[in-house]
Ligand code: NAP
Ligand code: GLV
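In our numbering, the protein residues as written are 7 to 320.
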């Protein structure tokens, strides 16, 4: 009997994702009947697994009575984890491609601020005025969130030579990274943070992690890089801190409302860089392998990988 898998993610992604998924199922030795939600060929009560993303037409999971797991194509699951109709296990995306993309994006933006590249790229005015940045080992960078993505970024920044610290809910022990945890740990770590990267999930506990009080702890002229989620930062407090020079520049990839409305002050602020939620994308080949592995596990009675925890919200 084939396993019935419903692709109920963003409809426009189906064309690109169908073949990589079929290849991954074949490689995993799975006999799968794969259908797209928009084709209407698979009845809800026949679905064994659902591939899902926030743009999905499926927001009521009640009819999927036989579904053994919902497999998110996104790492962040804040838009589904509180859905009361979702009683099945929910697996979030932990994907090598997503991780590599995030490491590249984060390191690129850290380097931009560390080296002061804007002075040359934007300020070419015929003036011969060398600027000598400190070495990475003399630059304190902090990653808030030491999960799949945050720990990969922290490790790569450490490999560049940066003096890296990290902060998480539970205490971590990562080679070469000074680890902090809990509310007291946040206060301590921010005091030493010249560049802060946010890779926390969006949960009630992480909302406004950076606010007027916590921003004031950072050394004057610090940089913020947020590829996590918009609600991690109190926007008004950040704008105030940018206007006083407490924060020199913020590079923001994610926002409370996306796309960021055209009238939002971030667009025109001289010390804000807006990027359109593009820091890292789930990659077709590697994410299909993760999905296939989880279905293989489900069919063999093994534990699913990357289960989201409904009590913590991530
Ligand atoms: P993850 O593996 O779940 O890691 C989350 C980290 O945040 C963990 O270290 C966790 O601590 C920490 N954390 C959670 N709540 C906390 C709290 N209250 N206080 C302190 N630390 C807390 O998640 P991930 O895969 O690394 O992804 C992180 C986020 O990146 C996603 O949730 C998503 O919002 C964002 N993202 C953005 C993009 C983009 O393109 N912009 C792409 C992918 C993901 P513990 O280790 O103690 O659990
Ligand atoms: C993207 O933002 C994700 O959560 O995967």
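For each residue, glycine too, the CB sits at the ideal point set by N, CA and C.
Helix, strand or coil for residue i, going by three-state DSSP, please let me know.
{"i": "residue 59", "result": "coil"}
{"i": "residue 246", "result": "helix"}
{"i": "residue 10", "result": "strand"}
{"i": "residue 20", "result": "helix"}
{"i": "residue 88", "result": "coil"}
{"i": "residue 80", "result": "coil"}
{"i": "residue 196", "result": "helix"}
{"i": "residue 75", "result": "strand"}
{"i": "residue 100", "result": "coil"}
{"i": "residue 47", "result": "coil"}
{"i": "residue 173", "result": "strand"}
{"i": "residue 310", "result": "coil"}
{"i": "residue 256", "result": "strand"}
{"i": "residue 64", "result": "coil"}
{"i": "residue 232", "result": "strand"}
{"i": "residue 379", "result": "Nothing can be reported for residue 379, as the shown portion of the chain is limited to 7 through 320."}
{"i": "residue 28", "result": "helix"}
{"i": "residue 186", "result": "strand"}
In angstroms with no decimal places, state the Cα-to-Cα distance between residue i and residue j.
{"i": "residue 188", "j": "residue 232", "result": "20 Å"}
{"i": "residue 90", "j": "residue 222", "result": "38 Å"}
{"i": "residue 274", "j": "residue 51", "result": "50 Å"}
{"i": "residue 48", "j": "residue 79", "result": "20 Å"}
{"i": "residue 38", "j": "residue 184", "result": "45 Å"}
{"i": "residue 216", "j": "residue 244", "result": "8 Å"}
{"i": "residue 235", "j": "residue 264", "result": "10 Å"}
{"i": "residue 158", "j": "residue 107", "result": "11 Å"}
{"i": "residue 292", "j": "residue 101", "result": "6 Å"}
{"i": "residue 161", "j": "residue 143", "result": "14 Å"}
{"i": "residue 72", "j": "residue 9", "result": "11 Å"}
{"i": "residue 225", "j": "residue 319", "result": "31 Å"}
{"i": "residue 118", "j": "residue 24", "result": "37 Å"}
{"i": "residue 121", "j": "residue 141", "result": "9 Å"}
{"i": "residue 309", "j": "residue 227", "result": "47 Å"}
{"i": "residue 198", "j": "residue 110", "result": "24 Å"}
{"i": "residue 146", "j": "residue 176", "result": "22 Å"}
{"i": "residue 272", "j": "residue 99", "result": "29 Å"}
Return yes when the Cβ of residue j is within less than 8 Å of the Cβ of residue i, no when it is not.
{"i": "residue 203", "j": "residue 86", "result": "no"}
{"i": "residue 42", "j": "residue 67", "result": "no"}
{"i": "residue 297", "j": "residue 155", "result": "no"}
{"i": "residue 240", "j": "residue 214", "result": "yes"}
{"i": "residue 212", "j": "residue 206", "result": "yes"}
{"i": "residue 16", "j": "residue 59", "result": "yes"}
{"i": "residue 104", "j": "residue 314", "result": "no"}
{"i": "residue 112", "j": "residue 148", "result": "no"}
Given a threshold of 16 other Cβ atoms within 10 Å of its Cβ, counted over all protein chains shown, does residue i qualify as buried or as exposed?
{"i": "residue 18", "result": "exposed"}
{"i": "residue 306", "result": "exposed"}
{"i": "residue 63", "result": "exposed"}
{"i": "residue 255", "result": "buried"}
{"i": "residue 57", "result": "buried"}
{"i": "residue 75", "result": "buried"}
{"i": "residue 317", "result": "exposed"}
{"i": "residue 200", "result": "buried"}
{"i": "residue 131", "result": "exposed"}
{"i": "residue 169", "result": "buried"}
{"i": "residue 249", "result": "exposed"}
{"i": "residue 136", "result": "exposed"}
{"i": "residue 259", "result": "buried"}
{"i": "residue 209", "result": "buried"}
{"i": "residue 11", "result": "buried"}
Can you find a CB in chain C that lies within less than 8 Å of the CB of residue i?
{"i": "residue 259", "result": "Annotation note: the requested chain C is absent from the structure, which comprises a single protein chain."}
Exercise. Residues with a Cβ closer than 5 Å to any heavy atom of the ligand GLV, in chain order?
Worked result: 80, 81 and 82
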